[in-house]
Each structure stands twice: as structure tokens, then as C-alpha cells.
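Going by full-length UniProt numbering, the first residue of the sequence shown is number 1, and it counts up by one from there. Report on the following structure.
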Amino acid sequence: MATATDDQSFITNQAIFTKYQTSADITNRAMEAVIAACVEGAKAIDLCKLGDKIIEEEAKKVYNKGNIKKGIAFPTCVSPDGIICHVSPLDDEPDSEITLKNGSIVRIELGSHVDGYITHSAHTLKVGATKENPASGREGDVIEAAHNSCEAILRNLKNGKRSYEITDLIQKLTKEYECIPIEGMISHAIHQDNMEGEKTIMLNPTDEQRRQVPEATLEEGDAYVIDVLVTTSDGKLKPHSGRTTIYKKNVDANYQLKMKSSRNLYGEICTKFGNMGFSLRSLSDANKAKLGIAECQAHRLVNGYPMLETKENEIVAHFMFTALMMPSGPTRITKDYYDASLIKADHQIQDEEINTLLKSPVKKSNKKKNKKKKAAAPAQ
Numbered sequence: 001m002a003t004a005t006d007d008q009s010f011i012t013n014q015a016i017f018t019k020y021q022t023s024a025d026i027t028n029r030a031m032e033a034v035i036a037a038c039v040e041g042a043k044a045i046d047l048c049k050l051g052d053k054i055i056e057e058e059a060k061k062v063y064n065k066g067n068i069k070k071g072i073a074f075p076t077c078v079s080p081d082g083i084i085c086h087v088s089p090l091d092d093e094p095d096s097e098i099t100l101k102n103g104s105i106v107r108i109e110l111g112s113h114v115d116g117y118i119t120h121s122a123h124t125l126k127v128g129a130t131k132e133n134p135a136s137g138r139e140g141d142v143i144e145a146a147h148n149s150c151e152a153i154l155r156n157l158k159n160g161k162r163s164y165e166i167t168d169l170i171q172k173l174t175k176e177y178e179c180i181p182i183e184g185m186i187s188h189a190i191h192q193d194n195m196e197g198e199k200t201i202m203l204n205p206t207d208e209q210r211r212q213v214p215e216a217t218l219e220e221g222d223a224y225v226i227d228v229l230v231t232t233s234d235g236k237l238k239p240h241s242g243r244t245t246i247y248k249k250n251v252d253a254n255y256q257l258k259m260k261s262s263r264n265l266y267g268e269i270c271t272k273f274g275n276m277g278f279s280l281r282s283l284s285d286a287n288k289a290k291l292g293i294a295e296c297q298a299h300r301l302v303n304g305y306p307m308l309e310t311k312e313n314e315i316v317a318h319f320m321f322t323a324l325m326m327p328s329g330p331t332r333i334t335k336d337y338y339d340a341s342l343i344k345a346d347h348q349i350q351d352e353e354i355n356t357l358l359k360s361p362v363k364k365s366n367k368k369k370n371k372k373k374k375a376a377a378p379a380q
């Protein structure tokens with residue numbers, strides 16, 4: 001059963017479930033808008049600003065009584081082609097000129113929260129794809145592999161399931177497409193004000209992670225952000241040359257900063273963002289923030305999310321969703337925007353066990369129980 005106390009569990013506390021669902025609605029609206037705006041000629045910075053703006057505007061419409069914090073949990077990132085993640089540029093910097101092209105493979109990531117209850121989502125698309133001209137070949141393979149990995153994981157969010165069972169399943173699934181999950185990426189259980197809970201699911205752990213990270217047992221009452229990145233390459237990424245602009249406070253660190261500008265910056269981070277991810281663009285003075293953030297990071301008061309890139313001519317697909325493990329089964333609360341008509345993979349899953357899993361319902365049907373209740377009614 002869930003480890004959270006009764007008043008902390010979304011299963012027994014309707015108010016918490018509603019906050020998760022409200023955050024999911026905000027995240028979904030922002031994702032829908034950014035997807036629609038991913039057209040040829042659009043700049044990544046404008047798309048990031050659009051997603052963040054919608055999250056902030058939608059958050060202002062809810063929970064206005066009391067001192068409930070809400071807004072961005074993770075800044076909008078729009079990462080095209082070889083730059084795999086965390087593209088959220090600053091104004092007047094070279095990365096602000098990153099522009100989508102027809103045929104670009106684009107990964108969108110963003111998240112919101114209501115009272116610290118987080119939802120996080122990611123989606124991959126091909127700019128200009130149509131039913132007549134879908135993402136095909138290796139593009140189709142890797143996108144379908146990543147999406148089917150999400151579907152398989154969702155169906156495995158069951159009470160008692162062990163995390164490394166999911167690891168083995170996804171490595172087997174992606175191999176059907178001659179693809180592989182990105183090495184070292186981690187999906188976390190989430191809690192109030194904590195997007196990196198102790199329980200983790202790794203799809204392609206390094207040898208060191210296998211040794212150091214204990215296997216988790218999934219339980220009813222858990223909440224997860226499932227993060228899936230699949231590639232046509234060897235599974236390894238490397239740092240991109242662009243400036244890191246996304247950070248998150250490290251709750252375990254403590255240090256007395258020397259520079260006044262750094263102290264002021266850290267104070268603003270704690271007050272404005274708490275334990276959530278933020279972009280330097282969202283600070284009161286982004287130029288001063290560039291200086292202060294260096295000392296904060298040097299002493300581990302914040303953790304950065306650097307831009308990463310893959311090998312030339314290789315492709316990465318990224319999908320992410322938030323799910324709650326309810327008594328009735330796993331409930332995905334962020335929407336799935338995958339459109340199979342825009343994807344044409346060269347490879348197909350041949351493994352019967354995996355195909356059966358993907359065709360199975362996410363939740364068990366209650367029809368038999370309902371029939372029994374209806375049949376018993378006349379005798380009451």
C-alpha cells in the first residue's frame with residue numbers, strides 16, 4: 001500500500017488529487033499550444049516563452065484563496081534536431097536564433113505545479129509531417145519506439161512491480177526497432193515540492209547506476225513522472241556548447257555565498273521558485289543572474305540542466321508523462337499527443353508478449369463487478 005499518511009495521499013485526500021489534476025490541465029494546455037506553434041520558421045525562444053506564459057496565465061486562474069503557490073515546475077524547452085534537451089534560450093544570445101525547419105525533429109518539455117503537486121510532460125514531433133508525408137524510416141522507428149515504451153511502462157505501473165523488470169522490458173522493446181534508450185536517464189517518483197523522489201525507474205542504467213541505485217518496488221499511492229528518451233545511436237549524449245539556462249535549487253546543500261549579487265540571486269530563487277525548476281529568463285535581471293548563478297552552482301546550491309546533443313545524423317525521441325497509481329490502476333493525467341497517422345516506422349514489434357501487453361487495457365474492466373451488483377439488486 002501507499003507509504004504516505006492518509007492526509008498526504010491522493011487516494012484518500014480528494015483535495016490532493018484535484019491539485020494534481022488541475023496542474024495536469026495547465027500542463028496540457030501549454031503543451032497543446034506549443035505543439036500547434038511548432039511550424040517552419042518558429043524560433044525556439046518564442047515557443048519557450050509561449051509555453052511559460054500559458055502556464056503562468058492558467059495558474060493565476062485557479063486556487064486564488066489562501067497562499068497557495070502555483071506556476072512553472074519546469075520551464076518550457078523546445079529542442080530541435082541534434083540538440084536533445086533543455087533548449088530554453090535567453091534573449092540576445094546566439095541560441096535565441098535557433099529556428100525550426102521543415103522536417104526538424106523537435107522535442108518539447110514543460111511542467112507545472114499547484115501547491116507543489118507537479119505534472120511534467122514531453123512530446124516529440126516532426127515539423128511539417130502529414131498523413132501523406134509522415135516521419136518515416138529511422139525517424140519513424142525511434143519515435144514509435146519511444147511512444148510504445150511509454151505505453152508499456154504505463155501498463156506496468158502496478159502494485160508490487162519492480163523497477164528493473166521495467167528496465168528489462170523497455171530494453172527488449174526498443175531493440176525491436178533497432179534503437180536503445182538514452183543511457184543514465186532516470187524517471188522519479190514525485191511528491192509535494194519534490195520532483196526527484198527516492199524511487200526511480202531507469203531504462204538504460206550505467207554499470208555504476210546498477211551497482212548504486214537500489215531496485216524500487218512500485219506501490220499503490222505512488223506518483224511518477226515517466227521520462228523516456230530513445231535513440232538510433234549508441235545511447236550516449238554529450239554536452240552541447242550552448243549556455244545552461246535551466247536550474248533547480250539543491251535542497252540538500254548549504255553554503256554562505258561570498259558575493260552580494262549571488263546572495264541576492266539565491267534569495268530570489270528560494271522565494272520565487274522554491275524547489276521547482278526555473279529559467280534564468282524568469283529572474284528579475286537575467287544579465288546579473290548569469291554572474292550570480294556561477295557561484296551558486298560552484299557550491300552546489302543549484303543544479304543545472306545543460307543542453308545535450310547526440311552524434312551527427314542520429315535521432316532521439318522524447319516522451320514524458322505523469323501518472324498516479326490509483327486502486328483502480330494507473331491513471332495517466334497528462335495527455336498523450338501522439339498521432340500514429342504521422343508516423344511510419346520501418347520496424348514492427350515481433351515479440352508476442354510485448355504486443356499482447358500493448359494491446360491490453362491500462363486498467364482492469366469493472367464490467368463483471370457491475371453485472372454482479374445489478375444482478376443482486378432485486379434481492380435487496
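Every residue gets a Cβ at the ideal spot worked out from N, C-alpha and C, and that includes glycine.
With a Cβ-Cβ cutoff of 9 Å, do residue i and residue j count as a contact?
i: residue 381; j: Lys-126; result: The chain is shown from 1 up to 380; residue 381 falls before or after that span and cannot be answered.
i: Lys-335; j: Ala-24; result: yes
i: Ser-112; j: Ile-68; result: no
i: residue 383; j: Lys-158; result: Here the chain has residues from 1 to 380 only, and residue 383 is not among them.
i: Tyr-177; j: Ile-315; result: no
i: Ala-152; j: Ile-170; result: yes
i: Thr-310; j: Ser-365; result: no
i: His-123; j: Arg-107; result: yes
i: Met-307; j: Ile-84; result: yes
i: Arg-332; j: Leu-154; result: yes
i: Lys-53; j: Tyr-63; result: no
i: Gly-160; j: Leu-218; result: yes
i: Ala-30; j: Leu-110; result: yes
i: Asp-95; j: Gly-242; result: yes
i: Asp-115; j: Lys-19; result: yes
i: Val-251; j: Thr-174; result: no
i: Gln-209; j: Ile-16; result: no
i: Val-228; j: Cys-150; result: yes
i: Tyr-305; j: Gly-277; result: yes
i: Glu-165; j: Asn-156; result: yes
i: His-318; j: Ala-253; result: no
i: Ile-11; j: Glu-196; result: no
i: Thr-244; j: His-347; result: no
Go ahead and pull the three-state DSSP assignment for residue i.
i: Glu-132; result: coil
i: Cys-38; result: coil
i: Ser-328; result: coil
i: Met-307; result: coil
i: Tyr-247; result: strand
i: Ser-96; result: helix
i: Val-127; result: coil
i: Phe-321; result: strand
i: Glu-109; result: strand
i: Lys-53; result: helix
i: Gly-197; result: coil
i: Ile-118; result: strand
i: Val-362; result: coil
i: Gly-242; result: coil
i: Asn-13; result: coil
i: Ala-345; result: strand
i: Thr-271; result: helix
i: Ser-284; result: coil
i: Thr-231; result: strand
i: Lys-101; result: coil
i: Thr-334; result: coil
i: Met-1; result: Low confidence applies here, because Met-1 scores a pLDDT of 41, under 50, leaving its location unreliable and the question unanswered by this model.
i: Val-302; result: strand
i: Ile-84; result: strand
i: Val-62; result: coil
i: Ala-253; result: coil
i: Ile-68; result: coil
Rounded to the nearest angstrom, how far is the Cβ of residue i from that of residue j, given a contact under 8 Å?
i: Ile-226; j: Ser-261; result: At roughly 38 Å, the Cβ-Cβ gap does not stay under 8 Å, so Ile-226 and Ser-261 are not in contact.
i: Pro-80; j: Ala-44; result: 7 Å
i: Leu-301; j: Lys-249; result: 7 Å
i: Glu-198; j: Lys-258; result: In fact, because the Cβ distance is near 33 Å, the residues do not count as touching under 8 Å.
i: Asn-303; j: Tyr-337; result: That belief does not hold up - the Cβ atoms of Asn-303 and Tyr-337 are roughly 29 Å apart, past 8 Å.
i: Ser-88; j: Arg-281; result: 7 Å
i: Ala-189; j: Asp-168; result: Wrong, their Cβ atoms sit about 20 Å apart, outside the cutoff.
i: Glu-353; j: Gly-82; result: No, Glu-353 and Gly-82 are not in contact; Cβ-Cβ is about 34 Å, not under 8 Å.
i: Thr-119; j: Thr-322; result: 4 Å
i: Arg-162; j: Glu-215; result: 5 Å
i: residue 384; j: Asp-141; result: Here the chain has residues from 1 to 380 only, and residue 384 is not among them.
i: Lys-236; j: Glu-183; result: 6 Å
i: Lys-26; j: Ala-59; result: Checking the sequence shown, residue 26 turns out to be Ile, not Lys. Indeed they touch by this definition, with Cβ atoms about 6 Å apart.
(request) Starting from the N-terminal side, write out each stretch of the alpha helix (DSSP H) that is 4 residues or longer and does not extend beyond the region 152 to 194. (result) 163 to 175
(request) Enumerate, from N- to C-terminal direction, the unbroken alpha helix (DSSP H) stretches of 4 or more residues contained entirely within the region 199 to 228. (result) Along the region 199 to 228, the alpha helix (DSSP H) occurs as fully enclosed runs of 4 or more residues at 207 to 212, listed in sequence order.
(message) I'd like to know if the region 96 to 103 and the region 32 to 50 are in contact, where contact means that at least 3 CB-CB pairs between them fall below 8 Å.
(response) yes
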